[in-house]
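Chains as they are written, first to last, in our numbering: chain A, 21 to 328; chain B, 27 to 311. From the three backbone atoms N, C-alpha and C, an ideal C-beta is built for every residue, glycine too. All values derive from a computational prediction rather than experimental measurement.
Pasting the structure below:
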C-alpha cells in the first residue's frame with residue numbers, strides 16, 4: 021500500500037527515515053537514564069562540588085564568603101578536637117571491621133549447613149542487620165544503664181564483673197559503641213561468609229580427607245584461601261561504613277562524655293550545623309571523603325594484584 | 027563422608043555434642059535476638075522501670091496509648107509517606123536506568139557506570155552539610171526543599187545499588203524475546219513494559235525489599251530536612267521521646283518497637299529476595 025502511494029520518493033525516503041530512527045535510537049538510553057542522572061547530579065554531585073568549594077572559604081551567611089585558601093584544612097588537621105575525632109573514627113572503623121569479620125566468620129562456620137534449625141539460628145542472628153539503627157541504639161542505651169541494676173550489668177554481675185559504667189565513662193564509651201556496632205555488623209558478615217562457604221569446591225574437601233588432613237588443616241589450607249575475595253569485599257564495605265558512622269554515636273553518646281566518643285561525622289555535624297563553621301566542617305568532610313575514596317582504591321588495587 | 031559444612035558439626039550426634047551444640051546455638055540466638063525480645067516485652071510492660079529493662083508484672087497497651095498522645099503515630103505516618111513515595115520513585119528510576127544500561131549500547135556508557143559506582147562510594151553522611159545547602163535552594167531551579175516531604179524523598183530517589191542489581195538481572199533476559207517483540211511492531215515503551223519488566227519481577231522484589239529497609243533506616247536526611255517536629259520521621263523522633271518524666275521509657279520503647287517492626291516484617295516476608303540481593307550485591311562488589 022505504501023509503495024503505491026509514494027513511488028516517486030522511494031530514493032530518498034528510506035535513508036532519511038533510517039537516519040532519523042538512528043538518531044532517536046541514540047537518544048533513547050539517555051531518556052531512560054535521565055531521572056537517575058538528574059537525581060544523582062542534584063543530590064550527589066552538586067553537593068560534592070559545593071563541599072569542595074566551601075572548604076576553601078570562610079562561609080558567612082548574608083556577608084558573603086571569604087576565600088581562606090587551605091586555612092580550613094590546616095585547622096581541621098591540627099585542631100585537637102578534630103584530630104582526636106579522626107583518631108576515634110579510625111579506631112572505631114578498624115576494630116569494628118575486624119571484630120565483625122572475625123565474629124562473622126566464626127558464626128558462619130557454626131551455623132552453616134542445610135538443617136532446618138540452623139536456618140532458624142541464622143535468621144534469628146541476622147535480624148539485627150535489618151533493624152533501624154536509631155531504634156536499636158535506644159535499646160542498647162537502656163541495656164547499657166550504668167547502675168548495678170542495668171541489664172548488661174546484671175549479666176556482668178552473674179560472672180562477677182562490674183558494675184561497669186559503659187557509655188557514661190570516658191574510658192569505655194567508645195568501646196561500648198563498638199560492641200553494638202559489631203553486634204549489628206557480624207551477622208551481616210556471617211551471611212556473606214555462609215554464601216561463600218557454600219561456594220567452596222567440595223571435591224577439595226574430599227581430596228583433603230583422602231590425604232588425611234585434620235579439620236583444622238582443611239580450614240586453613242582450603243576454606244580460608246577460597247574465601248579470600250569475600251574478605252576483601254567485607255573489609256572495604258565495613259571500613260567505609262565504620263569511617264562514616266554517625267547515627268550510632270549520635271544516639272548513644274552524642275560524642276560524650278567529654279568528647280571521648282566523638283567521631284568525625286558527629287563533630288562535622290555539630291561544627292557545620294550548630295556552630296555554623298561551614299567551611300571548617302566542609303574541609304573535614306573532604307578529608308573524610310578522600311580517605312574513603314583512597315581506602316576503596318587501595319583495596320581494589322590490592323585485590324586485583326592478588327587475584328593475578 | 028559427607029561435606030555439608032566445613033567443620034562437619036552436624037554429623038556429631040553424641041549426647042555431649044548435642045548438649046554443647048544446643049547451648050551454643052541458644053547463646054547465639056539470645057545474644058542477637060535478646061535485645062529485640064527485651065524491647066518487645068518491655069514495650070507492653072504495664073509500669074516499666076524509668077531507666078532500665080525489667081520483667082513487667084503485667085501487660086498492657088498503655089505505652090502505645092501514651093505514645094499516641096506524644097504524636098508517635100504522626101511520626102509513623104510521616105515515615106510511611108516517605109518510604110511509600112521514596113520507594114516508588116526509587117524503583118521506577120532504577121528499572122528505567124537499568125533498562126538503558128543493560129539493553130542498550132551507547133557512547134558514554136562506561137562513564138555512566140563509573141559515575142554510579144562513585145555515588146555508591148559517597149556515603150550520604152559525608153555530604154550532609156552541602157546537601158542541606160543544596161536542599162535549601164536547588165541550583166538553577168531555586169526551589170526550597172528544606173521542610174518538605176520532597177526534601178526527604180528526592181535525594182534517595184536514585185540509588186546506585188538498586189540500579190546495578192537491576193542492570194545485572196536485565197542483562198540475563200534473552201535478546202530474542204526483545205527482537206521478537208520488535209518484529210511484531212512493539213515500540214520502545216511497549217517492549218519495556220510488556221517484555222522486559224514482567225521478566226524482571228524477582229529482581230524488582232530484591233530492590234523493593236532493600237530499598238524499603240534503606241529508606242526506613244534514613245536518619246541524617248530527615249534530620250536536616252525537618253524544620254518542625256510535626257515533620258519528623260519515627261527514627262529521628264525517638265531521641266526526643268527519651269526523657270519523658272511522666273511516662274518513663276515506656277513511650278520510647280513503644281515507639282522504638284514501631285520503628286523496628288516494619289523493616290523486620292519486610293525482611294521476614296521477603297527473605298529469599300533479601301538474601302539474593304545480599305549475596306549479589308556484596309560478592310560482585
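Check                                                                                                                        : Outcome
Cβ pair residue 138/A, residue 149/A closer than 8 Å                                                                         : no
Partner residues on chain A for residue 147/B, Cβ-Cβ distance less than 8 Å                                                  : 260, 312, 313 and 316
Segment contact, 8 Å Cβ cut-off, at least three pairs: the segment 81-95 of chain A with the segment 209-218 of chain B      : no
Short-range partners of chain B found in the segment 230-252 of chain A, where Cβ spacing is below 8 Å                       : 235, 238, 239, 243, 249 and 250
Residue 147/A and residue 59/B closer than 8 Å at C-beta                                                                     : yes
Same chain only: Cβ atoms within 7 Å of residue 117/A, ignoring 5 sequence neighbours per side                               : 255, 258, 259 and 262
Chain A residues whose Cβ lies nearer than 7 Å to that of residue 126/B                                                      : 49, 52 and 53
Cα-Cα separation between residue 196/B and residue 226/B, rounded to whole angstroms                                         : 7 Å
Terminal residues of the alpha helix (DSSP H) in which residue 176/A lies                                                    : 171-178
Per-residue DSSP class, three states only, for residue 71/B                                                                  : strand
When 114/A, 61/A, 156/A and 53/A are compared against residue 124/B, the one with the closest alpha-carbon                   : 53/A
Of the residues 46/A, 109/A and 298/A, the one placed nearest residue 84/A, counting alpha carbons only                      : 298/A
Residue 195/A (DSSP reduced to helix, strand or coil)                                                                        : helix
Whole alpha helix (DSSP H) elements within the segment 53-99 of chain A, 4-residue minimum                                   : 66-74 and 91-98
Interface residues of chain A facing residue 165/B [CB-CB closer than 9 Å]                                                   : 62, 66 and 70
Proximal chain B residues relative to residue 148/A, where beta-carbon distance stays under 7 Å                              : 58
For residue 23/A, three-class secondary structure by DSSP                                                                    : For residue 23/A, the predicted structure reports a pLDDT of 38, less than 50, and the residue's modelled location is therefore unreliable. A value from the coordinates is still provided. Helix at residue 23/A.
Residue 253/B to residue 95/B span [Cα, whole Å]                                                                             : 21 Å
Cβ distance (whole Å) where residue 181/B is taken to contact residue 247/B below 8 Å                                        : 6 Å
Whole-angstrom C-beta distance between residue 107/B and residue 183/B, which should lie under 8 Å                           : Actually they are not in contact, since the Cβ atoms of residue 183/B and residue 107/B sit about 14 Å apart, beyond 8 Å.
Meets three-Cβ-pair contact criterion under 8 Å: the segment 286-299 of chain B and the segment 152-165 of chain A           : yes
Separation of residue 180/A from residue 289/A, as counted between CA atoms                                                  : 40 Å
Residue 307/A in three-state terms, based on DSSP                                                                            : helix
Per-residue burial, residue 230/A [other beta carbons within 10 Å of its own, 16 or more giving buried]                      : exposed
For residue 245/B, the nearest candidate out of 61/B, 57/B and 109/B (CA to CA)                                              : 109/B
Meets three-Cβ-pair contact criterion under 8 Å: the segment 167-176 of chain B and the segment 63-71 of chain A             : no
Ordered list of alpha helix (DSSP H) runs contained in the segment 213-272 of chain B, each at least 4 residues              : 214-217, 227-242, 246-251 and 260-263
Distance, residue 279/A Cα to residue 177/B Cα                                                                               : 31 Å
Distance, residue 258/B Cα to residue 171/B Cα                                                                               : 15 Å
Inter-residue Cα distance where the pair is residue 19/A and residue 302/A                                                   : This structure cannot settle anything about residue 19/A, because the visible part of chain A is limited to 21 through 328.
Contacting residues, own chain, Cβ-Cβ under 7 Å from residue 300/A (five flanking each side not counted)                     : 92, 95, 96 and 291
Neighbour list for residue 271/A in chain B, Cβ cutoff strictly below 8 Å                                                    : 264 and 265
Residue 188/A: contacting residues in chain B (beta-carbon distance under 8 Å)                                               : Those within 8 Å of residue 188/A in chain B number zero; the least Cβ separation is about 12 Å.
Cβ-Cβ separation, residue 185/A to residue 207/A (assumed contact under 8 Å), whole Å                                        : Actually they are not in contact, since the Cβ atoms of residue 207/A and residue 185/A sit about 27 Å apart, beyond 8 Å.
Residue range of the alpha helix (DSSP H) that includes residue 116/B                                                        : 98-129
Stretch-stretch touch, CB-based, cutoff 8 Å, three pairs: the segment 292-305 of chain B with the segment 220-238 of chain B : yes
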